[in-house]
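Enquirer: Got a structure for you, questions after.
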Amino acid sequence: AGGSRGGALHRGRRPGPTTARMDSVFGIVGDGFVLVAADRAALRQPLVFKHDEDKVVRLDDTKIVAAAGENCDRVAFTELIVRNIALDKFRSKLSRSCKATAHYIRGELATALRKAPMSVNLLLAGVDVPATEASTDSKDSAEAGKAAPAPAGEPSLYWIDYMGTMAKVGFGAHGYCAYFTNGLLDRYWKAGMSEEEGKALMGRCIGETRARFMLNQPNFICYMVTAAGVSTVDIDVPVMPDVSVAPAPAAPAAAA
């Protein structure tokens, strides 16, 4: 009998290193925000079906997860965690913190690893916003039930792979794009980056992936998570040098 998870269709199969790594997702943590970008190519083996796939899923008002992996496992697993997190919030009337959400996701992947392994790697991005408290002062009934604005919380980015490995990071990437982006992120990322600095760094990562990766990934989508919510942002991608063109030979040195 098949399990309740989408990966049950692949019982006994270990996640492969090829198609699962062709998706490109990466993210960074800045001053009060998290930026996450993902390519929009829907593919299987050598075929690309479309360039408008959204691989980023919203978990709640201040949390998103970007997934890379086999299309069936990616869709099934993200739907599973979205529904279960919503059910838990409905039952308890409380929202999970970013840390609790990351541990829940890690636990689901670790449990499935030896039962119905799912070829999906994730970046969880979020900002913890303290719960608001409604005013209950009977002398001010007009204000009763109104919530005070919540202070900005700390942004978090969690790197999670299909084996249940989890780490809280300042920047991270999944897929073959990590070969190109990790060097840039390690060199240019810094704690407390401004939004403009973060967008510029994401643009460099997208440009480098387009220039270096053999797979055609013309479209990327970028999300920003802050205490105010989740939104898409436009990224200016710099023009990268054409690596297919050999550099011109140096002119011979003049004779003395």
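With the numbering used here applied, the sequence shown corresponds to residues 781 to 1036, in that order. For glycine and all other residues, C-beta sits at the position ideal for the given N, C-alpha and C.
Less than 8 Å separating the beta-carbons of Phe829 and Gly952?
Expert: In the sequence shown, counting from the first residue as 1, residue 829 sits at position 49. In the sequence shown, counting from the first residue as 1, residue 952 sits at position 172. Taking 8 Å as the Cβ cut-off, Phe829 and Gly952 do not qualify as a contacting pair.
Enquirer: Going by the beta-carbon positions, is the gap between Arg820 and Glu833 smaller than 8 Å?
Expert: The residue given as residue 820 occupies position 40 in the sequence shown. The residue given as residue 833 occupies position 53 in the sequence shown. Yes, they are a contact pair.
Enquirer: Note the first and the last residue of the continuous alpha helix (DSSP H) segment covering Asn864.
Expert: Looking up residue 864 in the sequence shown gives position 84. Residues Asn851 to Ser872.
Enquirer: Would you mind reading off the limits of the alpha helix (DSSP H) that contains Asn962?
Expert: Residue numbering aside, residue 962 sits at position 182 when the sequence shown is read from its first letter. First-last of the alpha helix (DSSP H) with Asn962: Ala958 to Tyr968.
Enquirer: Tell me the DSSP bridge mates of Arg838?
Expert: Here the question's residue 838 lines up with position 58 in the sequence shown. Paired residues: Ile844.
Enquirer: If I follow the unbroken beta strand (DSSP E) through Tyr938, where does it start and stop?
Expert: Walking along the sequence shown from the start, residue 938 turns up at place 158. Segment Pro935 to Ile940, the beta strand (DSSP E) holding Tyr938.
Enquirer: Given Gly955, which residues of its chain have a CB within under 6 Å of its CB, disregarding the five upstream and five downstream residues?
Expert: As a first step, residue 955 is located in the sequence shown; it is residue number 175 there, counting from the start. So the list reads Arg801, Asp803, Ser804 and Ala848, once near-sequence residues are dropped.
Enquirer: If you reduce the DSSP assignment to three classes, tell me which class Gly1009 lands in.
Expert: Reading the sequence shown from its first residue, position 229 is the one you call residue 1009. Note: Gly1009 maps to strand in three-state DSSP.
Enquirer: Pull up the DSSP beta-bridge partners for Cys1002, would you.
Expert: In the sequence shown, residue 1002 corresponds to position 222, counting from 1. Paired residue(s): Ala817 and Val1013.
Enquirer: Rounding to the nearest angstrom, what Cα-Cα distance links Gly963 and Arg990 in this structure?
Expert: In the sequence shown, the residue the question calls residue 963 occupies position 183. In the sequence shown, the residue the question calls residue 990 occupies position 210. Approximately 15 Å between the Cα atoms of the pair.
Enquirer: Per DSSP, what are the beta-bridge partners of Asn901 in this structure?
Expert: Within the sequence shown, numbered from 1, the residue matching residue 901 stands at position 121. Answer is Ala848, bridged to Asn901.
Enquirer: Compute the beta-carbon to beta-carbon distance between Ala882 and Val1005, rounded to the nearest angstrom, for a pair I have assumed lies under 8 Å.
Expert: Position 102 of the sequence shown holds residue 882. Position 225 of the sequence shown holds residue 1005. About 14 Å; that fails the 8 Å criterion.
Enquirer: Please report the distance separating the alpha-carbon of Ser1011 from that of Asn864.
Expert: For the purposes of this step, residue 1011 is taken as the residue at position 231 of the sequence shown. For the purposes of this step, residue 864 is taken as the residue at position 84 of the sequence shown. Distance between the alpha carbons of Ser1011 and Asn864 is about 23 Å.
Enquirer: What does Arg824 pair with, by DSSP beta-bridge criteria?
Expert: As a working mapping, residue 824 is identified with position 44 in the sequence shown. Partner(s): Leu827.
Enquirer: What is the DSSP secondary structure of Gly796, counted as helix, strand or coil?
Expert: Taking the first residue of the sequence shown as 1, we reach residue 796 at position 16. Below a pLDDT of 50, predicted positions are generally treated as unreliable, and Gly796, at 48, falls in that range; the measurement from the model is reported next regardless. Here Gly796 sits in coil by DSSP.
Enquirer: Could you tell me if Asn851 is buried or exposed, where buried requires 16 or more neighbouring beta carbons within 10 angstroms of its beta carbon?
Expert: Locating residue 851 in the sequence shown gives position 71, counting from the first residue. By the 10 Å Cβ count, Asn851 comes out buried.
Enquirer: For Ile885, which residues does DSSP report across the bridge?
Expert: For the purposes of this step, residue 885 is identified with residue 105 of the sequence shown, where counting begins at 1. In DSSP, Ile885 forms no bridge with anything.
Enquirer: Which residue from Ala1007, Ser875 and Leu981 puts its Cα closest to that of Ala817?
Expert: Counted from its first residue, the sequence shown places residue 817 at position 37. Among Ala1007, Ser875 and Leu981, the Cα nearest to that of Ala817 belongs to Leu981.
Enquirer: Please report the straight-line C-alpha distance between Met994 and Val900, rounded to a whole angstrom.
Expert: In the sequence shown, residue 994 corresponds to position 214, counting from 1. In the sequence shown, residue 900 corresponds to position 120, counting from 1. About 21 Å.
Enquirer: As a quick exercise: from Ala880, Val837 and Lys843, pick the residue whose alpha carbon is nearest that of Leu860.
Expert: The residue given as residue 860 occupies position 80 in the sequence shown. Residue Val837 is the option with its Cα nearest to Leu860.
Enquirer: Name the one or two DSSP bridge partners that Ile986 has.
Expert: Mapped onto the sequence shown, residue 986 falls at position 206. Answer is none; Ile986 lacks a bridge partner.
Enquirer: Determine the DSSP secondary structure at Lys948, reduced to helix, strand or coil.
Expert: As a first step, residue 948 must be located in the sequence shown, where it is residue number 168. Looking at Lys948 - three-state DSSP - the assignment turns out to be strand.
Enquirer: What number of angstroms, rounded off, separates the C-alpha of Leu903 from the C-alpha of Lys873?
Expert: Reading the sequence shown from its first residue, position 123 is the one you call residue 903. Reading the sequence shown from its first residue, position 93 is the one you call residue 873. Looking at the two C-alpha atoms, the distance is approximately 25 Å.
Enquirer: Give me the Cα-Cα distance between Ala1017 and Pro998, rounded to the nearest whole angstrom.
Expert: Looking up residue 1017 in the sequence shown gives position 237. Looking up residue 998 in the sequence shown gives position 218. Inspection of the sequence shows that residue 1017 is occupied by Val rather than by Ala. Between Val1017 and Pro998, the C-alpha separation is close to 11 Å.
Enquirer: Beta-carbon within less than 7 Å of Ala971's beta-carbon, same chain only, minus the 5 sequence neighbours each way: which residues are those?
Expert: Counting from 1 along the sequence shown, the entry for residue 971 is found at position 191. Taken in chain order, the residues that qualify are Gly950.
Enquirer: Can you name, in chain order, every residue of its own chain whose Cβ lies under 6 Å from the Cβ of Arg984, other than the five neighbours on each side?
Expert: As a first step, residue 984 is located in the sequence shown; it is residue number 204 there, counting from the start. Around Arg984: Leu964.
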